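Engineer: Sequences listed follow chains A and B, in order. In case it helps, our numbering puts the first sequence at residues 1 to 83. In case it helps, our numbering puts the second sequence at residues 101 to 183. Pasting a structure here, questions to come.
Number of protein chains: 2
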Amino acid sequence: MARVVVDVMLKPEILDPQGQAVQRALPRLGFDGIADVRQGKRFELEVEGPVDDAALARIRELAQTFLANTVIEDFAVKVEEKQ
Amino acid sequence: MARVVVDVMLKPEILDPQGQAVQRALPRLGFDGIADVRQGKRFELEVEGPVDDAALARIRELAQTFLANTVIEDFAVKVEEKQ
Numbered sequence: 001m002a003r004v005v006v007d008v009m010l011k012p013e014i015l016d017p018q019g020q021a022v023q024r025a026l027p028r029l030g031f032d033g034i035a036d037v038r039q040g041k042r043f044e045l046e047v048e049g050p051v052d053d054a055a056l057a058r059i060r061e062l063a064q065t066f067l068a069n070t071v072i073e074d075f076a077v078k079v080e081e082k083q
Numbered sequence: 101m102a103r104v105v106v107d108v109m110l111k112p113e114i115l116d117p118q119g120q121a122v123q124r125a126l127p128r129l130g131f132d133g134i135a136d137v138r139q140g141k142r143f144e145l146e147v148e149g150p151v152d153d154a155a156l157a158r159i160r161e162l163a164q165t166f167l168a169n170t171v172i173e174d175f176a177v178k179v180e181e182k183q
C-alpha cells in the first residue's frame with residue numbers, strides 16, 4: 001500500500017498565532033536563531049491500489065475540497081517512499 | 101534563510117481519532133480506496149545562519165523537548181530545499 005502525504009499550511013499572508021506562540025517561546029527555552037515558525041497539518045493517507053496520475057488527481061481534489069480551507073490555506077500532495 | 105521542517109505524528113500504536121474521523125467521512129464524500137488516515141502536525145522553522153550538523157542537533161533537541169510529546173508522538177526533522 002502506498003502512502004500519500006498532504007501538507008496543509010496557512011497561506012503566508014495569513015496570521016499564524018500558533019506558530020507565533022511557538023516562535024516566541026523558543027528564546028525563553030534556550031533556543032535562539034529561529035526567525036519564524038509556522039504550524040500546519042500533515043495528513044498521511046494509505047492508498048489502496050496504484051498511485052497513478054488518476055489517483056493523485058483524486059487525492060488533490062479530496063485535499064482541496066475537504067482537508068484544506070483554500071481561502072486561507074495552501075496544500076501540497078506528495079507520494080512518500082516506503083521506509 | 102534555510103527552512104527546516106519538523107513533522108510530528110502520533111505513534112502507530114496510538115489511536116488517532118482525528119485521522120479516523122477523516123477516513124470515515126471520505127466514502128460518504130465520494131472518495132473510496134483510502135484505507136487509513138493519520139493526522140499530525142507540521143512545523144516550518146526558518147533558521148538563521150547555516151543549517152549544519154550542530155544546528156540540526158539543536159533543532160532535534162527542540163523538537164524532542166518542546167514540539168513533540170515523545171510518549172505518544174514520533175517526530176522527523178528534514179531540511180527543505182528552497183523552492
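Glycine included, every Cβ here is placed at the ideal spot set by N, Cα and C. If you're wondering where the values come from, they're calculated on a predicted model, not measured in any experiment.
Examine chain A for any beta-carbon lying closer than 8 angstroms to the beta-carbon of B:Phe166, and answer yes or no.
Structural biologist: B:Phe166 counts as touching chain A.
Engineer: For the stretch 169-181 of chain B against the stretch 110-119 of chain B, are there 3 or more C-beta pairs whose distance is under 8 angstroms?
Structural biologist: Yes, the stretch 169-181 of chain B touches the stretch 110-119 of chain B.
Engineer: Can you find a CB in chain B that lies within less than 8 angstroms of the CB of A:Asp52?
Structural biologist: It does not: the Cβ of A:Asp52 has no partner Cβ on chain B nearer than 8 angstroms.
Engineer: Between which two residues does the beta strand (DSSP E) holding B:Arg139 run?
Structural biologist: Position check: residue 139 of chain B holds Gln in this sequence, whereas Arg was assumed. Run containing B:Gln139: Ile134 to Val147, per the beta strand (DSSP E) assignment.
Engineer: Can you list, in chain order, the residues of its chain with a C-beta nearer than 8 angstroms to that of B:Leu156? Leave out the 5 residues immediately preceding and following it.
Structural biologist: Taken in chain order, the residues that qualify are Val104, Val177 and Val179.
Engineer: For a contact meaning CB atoms closer than 8 angstroms, what does B:Ala135 contact in chain A?
Structural biologist: In chain order: Met1, Glu46, Val47 and Glu48.
Engineer: With burial defined as no fewer than 16 other Cβ atoms inside 10 Å of the residue's Cβ, what is the status of B:Arg128: buried or exposed?
Structural biologist: Burial call: exposed.
Engineer: If the criterion is Cβ atoms closer than 8 angstroms, does the pair B:Glu146 and A:Ile34 meet it?
Structural biologist: Yes; because the gap between Cβ atoms is below 8 angstroms, this pair is in contact.
Engineer: Where B:Ala102 and B:Val151 are concerned, what is the direct C-alpha to C-alpha distance, given to the nearest angstrom?
Structural biologist: The alpha-carbon atoms of B:Ala102 and B:Val151 are separated by roughly 7 angstroms.
Engineer: Is there a Cβ from chain B that is less than 8 angstroms from the Cβ of A:Lys78?
Structural biologist: Not an interface residue.
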